[in-house]
Amino acid sequence: MAETVQFTSIFRRILKIGTFSIVFTSAGFLIASIPAIASIISLMSAPTDAESLALYKAPDEQAAKINEYINNHPLSLILRATPSYVESRPHLRFVDEHRKHSLTGGTLQGPGKIPVPPVIFLQEGKNMVSILYLGTDLCGHVGIIHGGLLATLCDEGLARCGFSALPNKIGVTARLTVNYRNPAPAGSFVVLKAEIAKVEGRKVWVKGRIEILGETQEPGKVLVEAEGLFIEPKYAKVLP
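Everything in the sequence shown is counted per the working numbering, starting at 12 for the first residue and increasing by one.
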């Protein structure tokens, strides 16, 4: 009889310990998942393409002039009047928590760098045009925009264009080839043009170039030409 009572007592203690373990482990998983849950919620509440256009407020007179020039440039007006293009400012769709950690959306934005968020015109699954101003503090050689920055812009621009043709609209860079054609002067308006060359399942090939933005919609001097291969990860369909 004494052995039965002792066994029952031990069993109850084990059961209590097991219950507490499950409770605290579940609580631990819940606490650990809070940042992920917050990120998912923030992504779901991100501004739309149309809303992103109204979010930019020029912090100073120079930025206001740059913004006005981009918005009213003949190329912008033509693309804006073409129904198949969707206009946006993608970097302004980032929530603040994500933007401050973004190279092109946060670190490189501001006076002397990229003072005004680029304006994007995307024809989904086909091509994309991005118009922006490159300031005087992005140089390699004096007065010349750093080649690494131009490569970064090509990577992001070609990827943004290519992702629109992928099944789940997301991917990673597998290969990027950049050919520099002419020095890019600091303090210049430029236009990045990207075009999808081929799509095969989770793979998309994109080609593009960065040109000096002239006074009209006609092509300007080519600064950089690039080609890239972008691949959608197999787990992309389970991402938020």
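Every residue gets a Cβ at the ideal spot worked out from N, C-alpha and C, and that includes glycine.
Check	Outcome
CB contact flag (S141, G168, <8 angstroms)	yes
Cβ contact (3+ pairs, closer than 8 angstroms) linking the region 147-154 and the region 95-103	no
N-terminal and C-terminal residue of the beta strand (DSSP E) that S141 is part of	N138 to L145
K180: first and last residue of the uninterrupted alpha helix (DSSP H) it sits in	Per DSSP, K180 belongs to no alpha helix (DSSP H) and is neither H nor E.
Within the region 216-244, ranges of the beta strand (DSSP E) (whole runs, at least 3 residues)	233-242
Cutoff 7 angstroms; reference L240; Cβ partners in own chain excluding five residues on either side	A185, R186, K214 and W216
Whole beta strand (DSSP E) elements within the region 149-221, 3-residue minimum	183-191 and 199-211
Sufficient close CB pairs (3 or more, under 8 angstroms) joining the region 106-113 to the region 70-81	no
Three-state secondary structure assigned by DSSP to A247	helix
Sub-8 angstroms separation of I207 and G173 beta-carbons	yes
Buried or exposed (CB count within 10 angstroms, at least 16 for buried), P70	exposed
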